[in-house]
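Protein chains in written order, with this note's numbering: chain A, 1 to 125; chain B, 1001 to 1125.
Where is the CB? At the ideal position from N, CA and C, for every residue including glycine.
This one's a predicted model, so the numbers in the text were calculated from it and none came from an experiment.
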DNA sequence: TTTGGTTCACTTTGTTCA
DNA sequence: TGAACAAAGTGAACCAAA
């Protein structure tokens, strides 16, 4: 959160629900965070169409009723598409996670082996 | 549903039958959901005429007796025609489904091939 | 601790068929 | 007409890197 910690009651700038922190640059709730990540990447390949006039009000209750206006609002309050990891970046991330996991497991095994060795050593000494 | 989960006994706001969730913006039953989707789109091209005085009571038992009043009730309790997918939206949806199906099949084939390769590799090594 | 992603149960569309 | 089903979207709980 950095300099200005959010309080429990700070509202999501997109829908007004309870914010969980800064997501993609904007104080927002869990749901709008997930929504933006899922939908902002579709922009070139998918047509967002508002069934009404393109100015649906986005609230906790009605945010689900219009993808088009919800996404527009996300951008309007400043959410940044650049902060969504690209497919390549995500793949790199997975690699890192996998490597770290292996290291941890290796370390764990080693530790385990150490214990076994110690037990044997104790028995024979 | 989320925040306000419906209970098993919550009634359909149109006919009072057991609701299955929010359909087209309104807590409603399976039957009224299907009815609204089928009939709301006919509005400009088909005349709904009540055989009586236009104030038929809509209940589980009698809901089928007057399309006109049933549809009117749907709108009165707040069902939104906008939430019915347009023909274009439906077509887009079919495309997505087809694409996803292809992707899945492709992924499945690749995985299958991987297995075959692995088996061959194991045999020759 | 903050803020990215991942997962999965659930909701809400449409489609099909008796 | 309405029940059963298929599919995609939603959001809460969680994981991990920086």
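Min CB distance residue i to chain A below 9 Å
i	result
residue 1082 of chain B	yes
residue 1044 of chain B	no
residue 1061 of chain B	no
residue 1088 of chain B	yes
residue 1092 of chain B	yes
residue 1016 of chain B	no
Nearest-angstrom Cα separation, counted from residue j out to residue i
i	j	result
residue 36 of chain A	residue 1082 of chain B	23 Å
residue 1033 of chain B	residue 100 of chain A	50 Å
residue 90 of chain A	residue 30 of chain A	20 Å
residue 1061 of chain B	residue 1042 of chain B	24 Å
residue 56 of chain A	residue 66 of chain A	7 Å
residue 1019 of chain B	residue 1026 of chain B	10 Å
residue 52 of chain A	residue 106 of chain A	57 Å
residue 1086 of chain B	residue 102 of chain A	50 Å
residue 1080 of chain B	residue 95 of chain A	46 Å
residue 1014 of chain B	residue 63 of chain A	23 Å
residue 1039 of chain B	residue 88 of chain A	47 Å
residue 1077 of chain B	residue 98 of chain A	53 Å
residue 1050 of chain B	residue 1010 of chain B	28 Å
residue 1092 of chain B	residue 54 of chain A	19 Å
Proximity winner among the options, relative to residue i (alpha-carbon distances)
i	options	result
residue 1017 of chain B	B:1024, B:1028 and B:1023	B:1028
residue 46 of chain A	A:71, A:64 and A:24	A:71
residue 12 of chain A	A:93, A:97 and A:58	A:58
Cβ-Cβ separation, residue j to residue i (assumed contact under 8 Å), whole Å
i	j	result
residue 1048 of chain B	residue 1074 of chain B	Not quite, the Cβ-Cβ distance comes to about 11 Å (not below 8 Å), so this is no contact.
residue 24 of chain A	residue 84 of chain A	7 Å
CB contact below 9 Å: residue i versus chain B
i	result
residue 20 of chain A	no
residue 49 of chain A	yes
residue 52 of chain A	yes
Paired residues, beta bridge with residue i - DSSP
i	result
residue 1025 of chain B	According to DSSP, which records beta bridges pairwise, residue 1025 of chain B is partnered with nothing at all.
residue 1042 of chain B	Residue 1042 of chain B is not bridged to any residue.
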